[in-house]
Each structure stands twice: as structure tokens, then as C-alpha cells.
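Residue numbers (our numbering), protein chains in the order written: chain A, 12 to 241; chain B, 12 to 241. For every residue, glycine included, the Cβ atom is placed at its ideal position computed from N, Cα and C. Source: prediction; values computed, not measured. Structure, as C-alpha cells:
Protein chains: 2
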Amino acid sequence: MKTLPLLLIIFAFGVTVSQSLVRNPSLFDSIFSIFVSDNEIHSETPALPKSLDPGPPPHEEAARMARYVTHHSDWAAMATISARNPIKGYPFANVFSVSDGPSMALSTGIPYMYLTPLEMSVHDIKENNQASLTMSLAQGKYCDQKQYDPEDPRCAHIILTGTIQTVAHGTKEEAFAKDALFSRHPEMTDWPKDHGWFFGKMDIENVLVLDFFGGAKTVPVEEYFKAKPF
Amino acid sequence: MKTLPLLLIIFAFGVTVSQSLVRNPSLFDSIFSIFVSDNEIHSETPALPKSLDPGPPPHEEAARMARYVTHHSDWAAMATISARNPIKGYPFANVFSVSDGPSMALSTGIPYMYLTPLEMSVHDIKENNQASLTMSLAQGKYCDQKQYDPEDPRCAHIILTGTIQTVAHGTKEEAFAKDALFSRHPEMTDWPKDHGWFFGKMDIENVLVLDFFGGAKTVPVEEYFKAKPF
Numbered sequence: 012m013k014t015l016p017l018l019l020i021i022f023a024f025g026v027t028v029s030q031s032l033v034r035n036p037s038l039f040d041s042i043f044s045i046f047v048s049d050n051e052i053h054s055e056t057p058a059l060p061k062s063l064d065p066g067p068p069p070h071e072e073a074a075r076m077a078r079y080v081t082h083h084s085d086w087a088a089m090a091t092i093s094a095r096n097p098i099k100g101y102p103f104a105n106v107f108s109v110s111d112g113p114s115m116a117l118s119t120g121i122p123y124m125y126l127t128p129l130e131m132s133v134h135d136i137k138e139n140n141q142a143s144l145t146m147s148l149a150q151g152k153y154c155d156q157k158q159y160d161p162e163d164p165r166c167a168h169i170i171l172t173g174t175i176q177t178v179a180h181g182t183k184e185e186a187f188a189k190d191a192l193f194s195r196h197p198e199m200t201d202w203p204k205d206h207g208w209f210f211g212k213m214d215i216e217n218v219l220v221l222d223f224f225g226g227a228k229t230v231p232v233e234e235y236f237k238a239k240p241f
Numbered sequence: 012m013k014t015l016p017l018l019l020i021i022f023a024f025g026v027t028v029s030q031s032l033v034r035n036p037s038l039f040d041s042i043f044s045i046f047v048s049d050n051e052i053h054s055e056t057p058a059l060p061k062s063l064d065p066g067p068p069p070h071e072e073a074a075r076m077a078r079y080v081t082h083h084s085d086w087a088a089m090a091t092i093s094a095r096n097p098i099k100g101y102p103f104a105n106v107f108s109v110s111d112g113p114s115m116a117l118s119t120g121i122p123y124m125y126l127t128p129l130e131m132s133v134h135d136i137k138e139n140n141q142a143s144l145t146m147s148l149a150q151g152k153y154c155d156q157k158q159y160d161p162e163d164p165r166c167a168h169i170i171l172t173g174t175i176q177t178v179a180h181g182t183k184e185e186a187f188a189k190d191a192l193f194s195r196h197p198e199m200t201d202w203p204k205d206h207g208w209f210f211g212k213m214d215i216e217n218v219l220v221l222d223f224f225g226g227a228k229t230v231p232v233e234e235y236f237k238a239k240p241f
């Protein structure tokens, strides 16, 4: 019975952290010094078990829905403009493992990725860093369980559009991105050392949510970052 | 014990059909007259239960892998160039339910979709019908069961690039697209009648397969259509 108050404290703290980050992303350095000692923050992360997933929020709350889908998606389709023949100039999409934080309490809404210059889409981004990230509840069990077709708008999905940026090396944000990704994608630790991996993120300019009948909703970026993913 | 020979016959027949279609797509009219009486081909379709899914083919056989992923994906992320402000010109991706045939035996390799002019990506396509369709085994249970990260190349995924075409109204191909989609997405039958739905397909120009370490493989389009998805 003692776990509930503790969880509420963790939730509240996580929300404060993520809201502060939105208002002032440079707070990463000061805030994450609470958790971070150099590049290892695994042990300090108050991870919430997946079994505590409360399910998606009500469809009317589109900003919360967007944050929920971002946080609960382990991967995204990233659309870029192809820089490579024979499909140069065509829209292209590829699969990337993503994470916006190691736990719901530490969800930031910022999709982080682990990228290598060898990757096709990274070639695209070097020429034009405009991109979209598409994530759907169809990726998990929710839509199957509800018997929603993947294209049914109630099988909520979101499209985040913006530019892909490199997370600066040696920063607290890089340590956070590393923990966010490696904790949810443990295989990444073993990916080939000679591939020049770096951490990337989307600088979100537009948030589209499809979570009910009646067409897509645009969520103002500020509302997206202010919302809670649970 | 009598079912195996029957299934083999259905398999063999399906392969012959799909290969013939590749060599001469206009054969739709003659070949599908075997199955089709007007717009209703449900009852004549020799559907194979999903439990007969043999799993993905060996990774060395990239064309078969591409056909396997296409057939087994119930949805795709379709990348387009956005025609709409404030993200006009940005790459965009959206979720579409797809089907390349109602059963493995009738897999054509052609991804069909059920589209409405109201849809955001259809607005994009009207201005520029270049597109990519991205499908991944991460969408099903395979990668989870194998403990492959969604970005692990062994969690096979494909990117089909080309143009989106309208399936001509009243043709045998339209009847096939309808059966392919409605049999695998039964909810479509009930989608709003006033949305101007039509059947679309990708005219594939480029096939990329990521199914193992060492980078993406390009599969010649002809090989893709000749391959078996099982």
C-alpha cells in the first residue's frame, strides 16, 4: 500500500522535469545532475514497470494522446526526402527505434534516436534535415485487443514533423538520450563500435493526432510539451 | 491428411497467378474471371488460415523476404511530400491498412489501399504521387519473439518506392483489390459511405530490403514479383 504515494511523487517529479525542459531545454545540465554521474544513469532512473501503463487517455485530450503515443512507441517510421539514386527526391520512410525517456515519469516528448552516418535516412538528413516521425498504437497490442483496424482513427496515431538535430556530444542531454534509448533498447549497447553512432532527436514543429472520427487534429507544440503522457 | 496436397495445389496455382500478373498485368481480366462474378469474390477465395504462416524465408533470399513482409503486413507507413501548410514540402508519413491479396496463395506483391480524397496523404498524392511504403516485421510478433530490437536489421523491413495509382473503377483488378482489402480488414465494409472511397495501389519502382547485417539490399522489381512470399 506504500507504493502508490511513492509512484505519485515520481509521476509529479517527472512531469515537473519534463515541463521545465520544455520551457528551458538548457535546464538539462542542472536538472539531470540530480541523476547523472558521467554517462551512467541507469541505476538512478526511477523506472516504472510497463504493467502500470494506464492505457491511452480520452481521445478528446489530443495533446495527452500525442504524448502517450510518443512515449509508448518503441519505434517510428521516419520520413525523409531521399538523397540517393535511383529514388532521389522521392519521399522515403525507414524504421528507427526511438525513446522519449526511460520511463513515463521521465517522458520528455522529445523522440531520441541512435543514428549512424552509414544509415540511408541519415544520408538523406545530411542533405535535408526535414523529417516526419509516424507512430501508431497499431504497433502495440491495443488496437488488436480493441479490434480496431490499423487505419481506424480510434487506433490512434500521430505524425510529428520538424527537423532532425544532433544531440551535442558530452552534454547531459546526450547522457539522457543514451539512458532513454539504451534502457528501452538494450541491444543498442552491443551495436558495432565502428559505425560512428551518435544521438539524434527531432526538433518538433508540427504535431498531428488522429485518435477519433472527424479528421486529424493539430496540437500546438507548446501544448504537446506541457501535456502528460498518462 | 488430405489437406496437404490440396494446399499445395492452391499454393502452386496462386504462384502461377501472381507470376502471370507480373508478366502481364492486363491478364487480370481473363485470370480473375475464374474467381470473379461481378464484385463478389469472397466465397470463391481459397483463403489459407494464418496458422499456416511458415515464418520469414532465409535472409539471403531478399526478394522472397520482401514479398513475405509485404504479404504479412496488414498496414504500412506511407511517405509522401506534404502538400499542406504549415508543413508543405516536408516529408510526411501516415498509416494505411494494406493488402496484396486475400491469402498467401493469392499474394500479388502489389500493395492495395482503400483511399478517400478527404485523407491528408491523398491530398499530397494529388499534387505529387511519388511515395514510399515501409513495412516491418516489428509490426507483428516475430521480432518480439526473437528478441530483435525494431531497428535490428534481422527484424526485417522493406521500403517500396514508386507512385500511387488509382485502380480503375469497375475492373476485375478493382474487385480483386476489394477482396484483398475487405477480407483482411473487415471493418472497411462499414466505413462512411459519403467519403468517396476508391482503391489505390503502388506502382513499385524500387524495392529495398533490410533483413540482415551489412546494409540494405536492392531487389530488382522483376525479381520481387517473381518471388514467392512463403
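Assigned secondary structure, residue i (DSSP; H/G/I helix, E/B strand, else coil)
i                     : result
residue 136 (chain A) : helix
residue 168 (chain A) : strand
residue 238 (chain A) : coil
residue 230 (chain A) : strand
residue 99 (chain B)  : coil
residue 212 (chain B) : strand
residue 221 (chain B) : strand
residue 55 (chain A)  : Below a pLDDT of 50, predicted positions are generally treated as unreliable, and residue 55 (chain A), at 33, falls in that range; no measurement from the model is reported.
residue 125 (chain A) : strand
residue 104 (chain A) : strand
residue 80 (chain A)  : helix
residue 94 (chain B)  : coil
residue 41 (chain B)  : Unreliable placement is indicated for residue 41 (chain B), whose pLDDT of 38 sits below 50; no coordinate value is reported for it.
residue 188 (chain A) : helix
residue 110 (chain B) : strand
residue 200 (chain A) : helix
residue 143 (chain A) : strand
residue 158 (chain B) : coil
residue 149 (chain A) : helix
residue 116 (chain A) : helix
residue 87 (chain B)  : strand
Minimum C-alpha distance to residue i - residue among the options
i                     : options                       : result
residue 212 (chain A) : A:177, A:64 and A:100         : A:177
residue 97 (chain B)  : A:240, A:64 and A:230         : A:230
residue 239 (chain A) : A:180, A:138 and A:114        : A:114
residue 163 (chain A) : B:162, B:201, B:225 and B:75  : B:201
residue 183 (chain A) : A:210, A:234 and A:126        : A:210
residue 208 (chain B) : B:82, B:125, B:161 and B:221  : B:125
residue 89 (chain B)  : B:197, B:226, B:171 and B:228 : B:171
residue 134 (chain A) : A:85, A:205 and A:105         : A:105
residue 215 (chain B) : B:123, B:86 and B:63          : B:123
residue 148 (chain B) : B:195, B:225, B:136 and B:78  : B:78
residue 227 (chain B) : B:165, B:241, B:196 and B:237 : B:165
residue 237 (chain B) : B:87, B:121, B:85 and B:63    : B:121
residue 154 (chain A) : B:94, B:137, B:136 and B:85   : B:85
residue 94 (chain B)  : B:63, B:137 and B:72          : B:137
Inter-residue CB distance, residue i and residue j (contact presumed, cutoff 8 Å)
i                     : j                     : result
residue 174 (chain B) : residue 140 (chain B) : 4 Å
residue 150 (chain A) : residue 150 (chain B) : 7 Å
residue 167 (chain B) : residue 65 (chain B)  : About 14 Å; that fails the 8 Å criterion.
residue 76 (chain B)  : residue 220 (chain B) : 6 Å
residue 146 (chain A) : residue 80 (chain A)  : 5 Å
residue 83 (chain B)  : residue 223 (chain B) : Between residue 223 (chain B) and residue 83 (chain B) the Cβ distance is about 18 Å, and since that is not below 8 Å, they are no contact.
residue 74 (chain A)  : residue 235 (chain A) : 5 Å
residue 102 (chain B) : residue 92 (chain A)  : 5 Å
residue 160 (chain A) : residue 198 (chain B) : 4 Å
residue 180 (chain B) : residue 127 (chain B) : The pair is not a contact, with the Cβ atoms about 14 Å apart (cut-off 8 Å).
Contact residues within the segment 137-171 of chain B, judged by C-beta distance below 7 Å to chain A: 141, 142, 143, 145, 147, 149, 150, 160, 161, 162, 163, 168 and 170
Contact the segment 186-196 of chain B vs the segment 105-119 of chain B: 3+ CB pairs below 8 Å: yes
Contact residues within the segment 79-101 of chain A, judged by C-beta distance below 7 Å to chain B: 85, 86, 88, 90, 91, 92, 97, 98 and 101
At least three beta-carbon pairs within less than 8 Å, the segment 136-151 of chain B to the segment 89-104 of chain A: yes
Residues in the segment 183-198 of chain B having any Cβ partner in chain A nearer than 9 Å: 196, 197 and 198
Residues of the segment 103-118 of chain A whose Cβ lies closer than 7 Å to any Cβ of chain B, in chain order: 103, 104, 105, 106, 107 and 108
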